[in-house]
Amino acid sequence: MTGRLANKKVLLLGAGSVGEGIGNGRAMAILFAREGAEVVGVDLDLAAAEETARLVAAEGNSMIAVSGDVTDAADLARIIDDAQARLGRIDILVNNVGGSIAGGPEEITPEQWDAQFRFNVDYVHQSTRILAPRMAAQGGGSIVNISSIAGVRHLGHDLAAYAASKAALQQYSKVASVRYAPQNVRINTVIPGLMFTPLVTVRLAKQQAGGDAEGLIARRHAKPPMGRMGDAWDVAFAALYLASDEAKYVTGAEIMVDGGLSNTVR
Numbered sequence: 090m091t092g093r094l095a096n097k098k099v100l101l102l103g104a105g106s107v108g109e110g111i112g113n114g115r116a117m118a119i120l121f122a123r124e125g126a127e128v129v130g131v132d133l134d135l136a137a138a139e140e141t142a143r144l145v146a147a148e149g150n151s152m153i154a155v156s157g158d159v160t161d162a163a164d165l166a167r168i169i170d171d172a173q174a175r176l177g178r179i180d181i182l183v184n185n186v187g188g189s190i191a192g193g194p195e196e197i198t199p200e201q202w203d204a205q206f207r208f209n210v211d212y213v214h215q216s217t218r219i220l221a222p223r224m225a226a227q228g229g230g231s232i233v234n235i236s237s238i239a240g241v242r243h244l245g246h247d248l249a250a251y252a253a254s255k256a257a258l259q260q261y262s263k264v265a266s267v268r269y270a271p272q273n274v275r276i277n278t279v280i281p282g283l284m285f286t287p288l289v290t291v292r293l294a295k296q297q298a299g300g301d302a303e304g305l306i307a308r309r310h311a312k313p314p315m316g317r318m319g320d321a322w323d324v325a326f327a328a329l330y331l332a333s334d335e336a337k338y339v340t341g342a343e344i345m346v347d348g349g350l351s352n353t354v355r
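The sequence shown maps to residues 90 to 355 in the working numbering.
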């Protein structure tokens, strides 16, 4: 087996896609398998994970599709144990599950606040506390967390709970990276900006633009200094670097994949 992840065993949480097309998780699964990794891809929607596995197989590679709820601690533990049993070990963990609820301080209910933290950061803590010690025992590993530019700056609409949970994820990654650096377990974060994935038309257009997908897409393209949104492959290649041995001396880092948006004031 050749490739940048040759013989690596990967657990990818959030391997499906919202709607048809290529989302971040699907792109990572395809790319990691293309680069020689054995992948277990998990999604709450088994059909979405199976579609990812089909696309991986179309390139002559394979991914094991698994259904599970990472926000349920017991189910997450089962997912991890099952993946380790199937793969023999886990070298790379990608925490890609996440989602947003719109609203500011007055609109977000306590229940929504708690749900956003469960969905965006609590499971990352649970997966890390289980797998980081196991990676340490086997000589090292890599954990890649997928965050959002919403955890860095305001995007022109209120996402109070989502932004807070993503900011928490970013800081958690830094703290955990220091804890496990002596054991050669690297923990890094990819921070996507405004990406053109199926999520935009399937969910965000309803959430942020009253169903006006065309208008939302135009506004999102106009915001980054590069004059366009990125795509799922931009996120996948950043994650690939952090997961690979090319980043063997990189931990606690954040890679902004945002076309320069975080450097602007507009």
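Glycine is no exception: its CB is placed at the ideal position from the N, C-alpha and C atoms.
The structure presented is a predicted model; accordingly, all values stated were derived computationally and were not measured.
Rounded straight-line distance, which links the Cα of residue j to that of residue i
{"i": "Ser333", "j": "Asp180", "result": "10 Å"}
{"i": "Leu135", "j": "Thr141", "result": "10 Å"}
{"i": "Gly177", "j": "Met318", "result": "39 Å"}
{"i": "Leu283", "j": "Ala307", "result": "12 Å"}
{"i": "Val213", "j": "Lys263", "result": "13 Å"}
{"i": "Gly130", "j": "Asp247", "result": "32 Å"}
{"i": "Met152", "j": "Lys97", "result": "13 Å"}
{"i": "Arg143", "j": "Glu195", "result": "43 Å"}
{"i": "Arg223", "j": "Arg242", "result": "35 Å"}
{"i": "Leu244", "j": "Asn184", "result": "23 Å"}
{"i": "Tyr269", "j": "Ala327", "result": "21 Å"}
{"i": "Thr290", "j": "Gly230", "result": "36 Å"}
{"i": "Arg175", "j": "Lys312", "result": "44 Å"}
{"i": "Asn352", "j": "Ala342", "result": "17 Å"}
{"i": "Ser254", "j": "Gly149", "result": "38 Å"}
{"i": "Leu305", "j": "Val354", "result": "19 Å"}
{"i": "Ile276", "j": "Glu109", "result": "30 Å"}
Sequence-distant residues of its chain with Cβ nearer than 8 Å to residue i (five each side left out)
{"i": "Gln201", "result": "Ile190, Gly192, Ala250"}
{"i": "Ala122", "result": "Val128, Val145, Glu148, Asn150, Ser151, Met152"}
Residues near residue i in its chain [Cβ-Cβ closer than 6 Å; skip 5 each side]
{"i": "Gly187", "result": "Asn209"}
{"i": "Gln259", "result": "Ser236, Gly240, Thr278"}
{"i": "Val159", "result": "Leu102, Leu165, Val186, Tyr212"}
{"i": "Glu41", "result": "With the chain running from 90 to 355 in the structure shown, residue 41 is simply not present."}
{"i": "Gly157", "result": "Val131, Asp164, Ile168"}
{"i": "Phe206", "result": "Ser254"}
{"i": "Arg309", "result": "Leu283, Met318"}
Distance CB(residue i)-CB(residue j) smaller than 8 Å
{"i": "Ala265", "j": "Thr217", "result": "yes"}
{"i": "Ile238", "j": "Ile280", "result": "yes"}
{"i": "Asn113", "j": "Ala321", "result": "yes"}
{"i": "Ile169", "j": "Val155", "result": "no"}
{"i": "Ala336", "j": "Gln272", "result": "no"}
{"i": "Ile232", "j": "Leu182", "result": "yes"}
{"i": "Gln215", "j": "Ala163", "result": "no"}
{"i": "Asp132", "j": "Ala138", "result": "yes"}
{"i": "Val339", "j": "Val324", "result": "no"}
Supposed contact pair residue j and residue i - C-beta distance, whole angstroms, cut 8 Å
{"i": "Leu94", "j": "Ala172", "result": "The Cβ separation is near 16 Å, so there is no contact."}
{"i": "Val267", "j": "Ala221", "result": "That pair is no contact at about 12 Å."}
{"i": "Val107", "j": "Pro314", "result": "Wrong, their Cβ atoms sit about 27 Å apart, outside the cutoff."}
Nonlocal neighbours in the same chain, by C-beta distance under 7 Å from residue i, ignoring five residues either side
{"i": "Ala252", "result": "Ala239, Gly240"}
{"i": "Gly349", "result": "Pro313, Pro314, Met315"}
{"i": "Gln227", "result": "Arg178"}
Would you call the region 319-333 and the region 108-120 touching, i.e. three or more CB-CB distances under 8 Å?
-> yes
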